[in-house]
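See below for the structure under consideration.
Numbering (my numbering), first residue to last: 21 to 315.
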């Protein structure tokens, strides 16, 4: 896959992440360490709506949000020999940069959109049709929120307009390896078509529910126009706590953080971003970094 094949991935669009519960993340999170949350954050949804931009601060910034890679900074992600989309867990860089992603779409908190827009925070949203449209029973960890799914795609378009990229997380959030190839392809292609219909752009990235996938998943994703499957290196729990998947329980350069659309999203997101910045990390433009890595 060349950088051209990687679709110039919407240079004007943004990138990654989420507020998690057990619903989307793989069950392997049990036993991973979590760190303490930061202090309270002001704003909507019980906290954290970003302050409006001061007009005196100069012209509105242009271009995609988040830091982009320096020349020669990013290591190469080898393309699989089978020609199918690669499975990526982290970005090969030594720079203190991490990437934010968020899954599903149950809790549609406007305070989260305001932060992404007003602070130009790079986020990649991996949405599921059933969550966005409020179909069926909500994920148990999504219940009790102040802003449940309204059954429309308006919130997703608001997030897109705020600068986030909208990516594929299937239609119904199944365990894909339990399905046959045709069923997997229907889930992935159906979600891509729906996202394109409602946002104007087809997704370039796919996140398999629970992180579970097999070769048929990659083959189906590739046939649906997906460039890469993106997993994660850490999950974000209620209160903005980070659950690590490494023994030293700390952020590492190139980490991909997974959040979910859960209750208190705006508050927890503000806590998370402040924590990342206190630790000296920058928020990266995921697509720019992946273009560099998949050159």
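Even glycine gets a Cβ: it sits at the ideal position worked out from N, Cα and C.
The ligand FAD heavy atom lying under 7 angstroms from the CB of residue i
i          : result
residue 88 : Annotation note on the ligand FAD: not contained in the displayed structure, which lists no ligands.
Which of helix, strand or coil DSSP assigns to residue i
i           : result
residue 54  : Unreliable positioning characterises residue 54 in this predicted model, as indicated by a pLDDT of 44, which lies under 50. The coordinate reading is nonetheless provided below. Looking at residue 54 - three-state DSSP - the assignment turns out to be strand.
residue 11  : It is not possible to answer for residue 11, since the shown part of the chain is limited to 21 through 315.
residue 131 : helix
residue 69  : The pLDDT assigned to residue 69 is 39, lower than 50, so where the model puts this residue is not dependable, and the model offers no usable value.
residue 197 : helix
residue 280 : strand
residue 185 : strand
residue 219 : helix
CA nearest to the CA of residue i, picked from the options
i           : options               : result
residue 155 : 166, 206, 264 and 191 : 191
residue 147 : 279, 160, 306 and 311 : 279
residue 240 : 197, 142 and 214      : 197
residue 302 : 271, 258 and 187      : 271
residue 291 : 242, 91, 92 and 262   : 262
residue 165 : 87, 299 and 127       : 127
Between the CA atoms of residue j and residue i - distance to the nearest angstrom
i           : j           : result
residue 293 : residue 216 : 29 angstroms
residue 130 : residue 248 : 29 angstroms
residue 116 : residue 246 : 28 angstroms
residue 162 : residue 179 : 19 angstroms
residue 237 : residue 250 : 12 angstroms
residue 255 : residue 231 : 12 angstroms
residue 105 : residue 99  : 8 angstroms
residue 225 : residue 108 : 10 angstroms
Sequence-distant residues of the same chain with beta carbon closer than 6 angstroms to residue i, five excluded per side
i           : result
residue 210 : 191
Exposure of residue i, with buried meaning 16 or more beta-carbon neighbours within 10 Å
i           : result
residue 207 : buried
residue 183 : buried
residue 266 : exposed
residue 284 : buried
Beta-carbon proximity list for residue i, same chain, < 7 angstroms, skipping 5 on both sides
i           : result
residue 244 : 205, 208, 209 and 212
residue 222 : 212, 215, 216 and 245
Cutoff 8 angstroms; reference residue i; Cβ partners in own chain excluding five residues on either side
i           : result
residue 153 : 169, 171, 172 and 173
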